[in-house]
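Input: a single structure, listed below in structure tokens.
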Amino acid sequence: MLSPIDKFAYAARQASRVAWFMGHGFATGQFRQTRPGVSDVTRERPREKGPGLDRLMRDLAVCFQLDLDNVASGYYPLPRDADGSPADLLRRSRAFMADVPVAAERKAKGAGTEVYSAEKAEELPAYFLQNFHYQTGGYLTEESAEIYDMQVDVLFSGSTNAMRRECLVPLYQWMKGKDQRKVHIADIACGTGRFGRFVKQAYPRVQLTLSDLSEAYLAEARRHLQDYSGVNFEVANAEKLPFPDASVDVLTSVYLFHEVPPKVRRIIAREWARVLKPGGRLIFMDSLQLGDTQGYDGMLKSFPVNFHEPYYGSYIKEDLASIFEDAGLTHAESRPVFLSKLVVCDKPT
Ligand SMILES: C[S@@+](CC[C@H](N)C(=O)[O-])C[C@H]1O[C@@H](n2cnc3c(N)ncnc32)[C@H](O)[C@@H]1O
Numbered sequence: 001m002l003s004p005i006d007k008f009a010y011a012a013r014q015a016s017r018v019a020w021f022m023g024h025g026f027a028t029g030q031f032r033q034t035r036p037g038v039s040d041v042t043r044e045r046p047r048e049k050g051p052g053l054d055r056l057m058r059d060l061a062v063c064f065q066l067d068l069d070n071v072a073s074g075y076y077p078l079p080r081d082a083d084g085s086p087a088d089l090l091r092r093s094r095a096f097m098a099d100v101p102v103a104a105e106r107k108a109k110g111a112g113t114e115v116y117s118a119e120k121a122e123e124l125p126a127y128f129l130q131n132f133h134y135q136t137g138g139y140l141t142e143e144s145a146e147i148y149d150m151q152v153d154v155l156f157s158g159s160t161n162a163m164r165r166e167c168l169v170p171l172y173q174w175m176k177g178k179d180q181r182k183v184h185i186a187d188i189a190c191g192t193g194r195f196g197r198f199v200k201q202a203y204p205r206v207q208l209t210l211s212d213l214s215e216a217y218l219a220e221a222r223r224h225l226q227d228y229s230g231v232n233f234e235v236a237n238a239e240k241l242p243f244p245d246a247s248v249d250v251l252t253s254v255y256l257f258h259e260v261p262p263k264v265r266r267i268i269a270r271e272w273a274r275v276l277k278p279g280g281r282l283i284f285m286d287s288l289q290l291g292d293t294q295g296y297d298g299m300l301k302s303f304p305v306n307f308h309e310p311y312y313g314s315y316i317k318e319d320l321a322s323i324f325e326d327a328g329l330t331h332a333e334s335r336p337v338f339l340s341k342l343v344v345c346d347k348p349t
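Per the working numbering, the very first residue in the sequence shown carries number 1; after that it's consecutive.
Now the structure itself:
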């Protein structure tokens, strides 16, 4: 049961996050426009309109209400977003603001593969060696890892964590009646560990593995979860995970598939099916797809025009349930969560 003080504290906290991130979005909006005299090499804008600011704000409020309802239903504890101290916020804000014009310059030139080199390609897949969102350093540097969360929350107007937490609902349903000390959860492409931390807040005794192909992002995840025990960190490609067959109880993955080519999505799905135990669960979240929410398709189609997202256009058309079913999993549920989509699959026993 949530007290009025809990509800007020939640509303105040989320409202200040939305104001902070949206403020950065408005302040840097000019850099997202194509400047006169600078050729924009990105593709043509879709004609279809997006949902508009009023509708987005209403749906954003629904997303936060859902988050709070989940807490009231006992699915997870009252969230702590763990954004760091005011000094951390200011440092990240400065670093984010400094990168915006540099990323805009990269966008104007269509320079989305600055981080690629033949030398790096010997160790890392070429699709990974790109400046996603035109960000400096791609996924390869400490500086990029430091501002990643700020970039995502500016994009999602402060709702990213609330959307990620929706993954804790199917996790709660799966965990019911189980001894958490005997459960191994692996979060694949964990990035800076924001979702992993919510898992630990809800289930402090589970054995949690956070895995990502980026050493720099995993180092940031390690810092973010330094107060928690029972967490392993693995630098690994999601296509070839360092786990034996049938060894993981629950696999989670948030915002990975839109950044890998279609063929790789299928390889990863098979790898997830391999490492899951029979009876285990896959909890997957990524961007909303075409047709999921009436009025949103125009916005989804314009995303790869504004940001370097070479695989997003194919992602929004994918039949995710089929990909996972073809890999040997059973599709249990798919539903939109504001700007994201949650998909749950189980490995047959
Ligand atoms: C958009 S970020 C999502 C990060 C995090 N899950 C979140 O909720 O914000 C994509 C992440 O996928 C990782 N990644 C991309 N390709 C990968 C691959 N083949 N194997 C493992 N991680 C990969 C990147 O390093 C990055 O951390």
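We put the CB at the ideal spot given by N, CA and C, even for glycine.
Below 7 Å, is the gap between the Cβ of Leu256 and the nearest heavy atom of ligand 1? Yes, since a heavy atom of ligand 1 falls inside the 7 Å radius drawn around the Cβ of Leu256.
With respect to the beta strand (DSSP E) encompassing Asp187, which residues constitute its N-terminal and C-terminal limits? Asp187 -> beta strand (DSSP E) spans 184 to 188.
Opposing strand residues paired with His417 [DSSP bridges]: Look at the range of the chain in this structure, 1 to 349, and you will see that residue 417 is not part of it.
By DSSP, does Leu2 sit in helix, in strand, or in coil? The answer is coil: DSSP assigns Leu2 none of H, G, I, E or B.
Thinking C-alpha only, which one of Ser340, Thr349, Pro348 is nearest Ser157? Closest option to Ser157, Cα to Cα, is Ser340.
According to DSSP, what are the bridge partners of Val235? Asp212.
Determine, using beta carbons only, whether Phe303 and Asp153 come nearer to each other than 8 Å. With contacts defined by Cβ atoms closer than 8 Å, Phe303 and Asp153 do not form a contacting pair.
Kindly indicate which residue of Ser93, Phe307, Ala19 has the alpha-carbon position closest to the one of Gly112. Distance from the Cα of Gly112 is smallest, within the candidate group Ser93, Phe307, Ala19, for Phe307.
For the beta strand (DSSP E) that Phe284 lies in, which residues bound it at each end? For Phe284, the enclosing beta strand (DSSP E) begins and ends at 276 to 287.
Span of the beta strand (DSSP E) around Ser253: Run containing Ser253: 248 to 254, per the beta strand (DSSP E) assignment.
What three-state label does DSSP hand Val260 in the structure shown? Note: Val260 maps to coil in three-state DSSP.
For ligand 1, I want to know if Ser214 counts as a neighbour, meaning its beta carbon is within less than 7 Å of at least one of the ligand's heavy atoms. At least one heavy atom of ligand 1 is nearer than 7 Å to the Cβ of Ser214, so yes.
Roughly how many angstroms lie between the CA atoms of Asp6 and Ala121, to the nearest whole one? Linking Asp6 to Ala121 through their CA atoms gives a straight-line distance of about 50 Å.
Looking at Arg352 and ligand 1, is the gap between the Cβ and the nearest heavy atom below 7 Å? Because residue 352 is not part of the residues shown, which for the chain are 1 to 349, the question remains open.
Among all the DSSP beta bridges, which residues are the ones paired with Pro336? DSSP lists Lys341 as the bridge partner or partners of Pro336.
Does the Cβ-Cβ distance between Phe284 and Ser253 come in under 8 Å? Yes, Cβ-Cβ distance for Phe284 and Ser253 is below 8 Å.
Residue range of the alpha helix (DSSP H) that includes Cys63: Residues 53 to 72.
Please confirm whether any heavy atom of ligand 1 lies closer than 7 Å to the CB of Gln164. Before going on, a small fix: residue 164 reads as Arg here, not Gln. Yes - ligand 1 has a heavy atom lying nearer than 7 Å to the Cβ of Arg164.
How about Ala72 and Leu168: are their beta carbons less than 8 Å apart? No.
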